[in-house]
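If you count by our numbering, then the sequence shown holds residues 183 to 299, one letter each, in order. Here a beta-carbon is modelled for each residue, glycine too, at the ideal position from N, C-alpha and C. All figures in this text were calculated on a predicted structure; none of them were measured in a lab. Structure first, commentary second.
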Amino acid sequence: MSIATDPDCIFCRIVAGDLPADRLYEDDDIVAFRDISPQAPFHGLIIPKAHIATLNDVSDEQTGVMGRLFAVARQLASEHALPGYRVVVNTNREGGQVVFHVHMHVLGGRQMKAGMG
Ligand code: 5GP
Ligand code: ZN
């Protein structure tokens with residue numbers, strides 16, 4: 183089955199290999215790579231390969247792969263020996279989303295402040 187992509191989307195271009203990225207994980211449905219502007223010593227982004235603009239656009243059929251992003255987050259944290267970490271999915275401009283291909287941030291490697299600010 184082919185995966186939906188958007189040629190104007192930078193994360194789709196990373197999935198396709200047209201834009202370089204420091205890849206951390208890949209399987210048939212998911213890619214993870216380092217954030218280009220890290221906000222913590224470890225800052226990974228985990229994305230479905232399919233172009234899904236925001237969390238609000240996830241279909242019932244896609245909830246499985248979205249759930250698996252958490253398993254990848256846990257794996258990355260283990261591989262990078264993070265004793266604690268934070269996962270964030272910014273949604274829509276009002277939620278701080280800048281890239282409209284849904285992604286999970288994984289932040290760690292420093293003491294994260296309690297609360298969300
Ligand atoms: P958002 O604010 O949409 O939740 O987060 C988008 C993230 O993507 C930002 O943290 C930003 O630094 C990162 N980012 C934007 N463009 C690129 C890129 O071309 N490559 C990588 N690796 N990260 C990017
Ligand atoms: Zn995309």
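The Cβ-Cβ distance between R216 and L206 falls below 8 Å. The beta carbon of I185 is closer than 6 Å to those of K231 and A232 in its chain, skipping five residues each way along the sequence. By the 16-neighbour rule on beta-carbons within 10 angstroms, A198 is exposed.
Relative to L251, the option among L264, P265, V269 and D188 whose CA is nearest is V269.
Here A255 really is in contact with M286; their C-beta atoms are around 6 Å apart, less than 8 Å.
Look at A214 here: in three-state DSSP terms it is strand. Only residues of its own chain outside the window of five on either side were considered, and among them T187, D188, H233 and H283 have a CB closer than 8 Å to the CB of C194, listed in chain order. Y267 places its beta carbon less than 8 Å from that of V288.
When the five nearest sequence neighbours on each side are left out, the beta carbons in the same chain lying within less than 7 Å of the beta carbon of L258 are those of L206, Y207, A214, G226 and V288, in order along the chain. By the C-beta density criterion, G290 is buried, having at least 16 other C-beta atoms within 10 angstroms. Placement of the Cβ of F193 at a distance of less than 7 Å from at least one heavy atom of ligand 2 is found. Ligand 1 never approaches G199 closely enough for any of its heavy atoms to be under 7 Å from the residue's Cβ.
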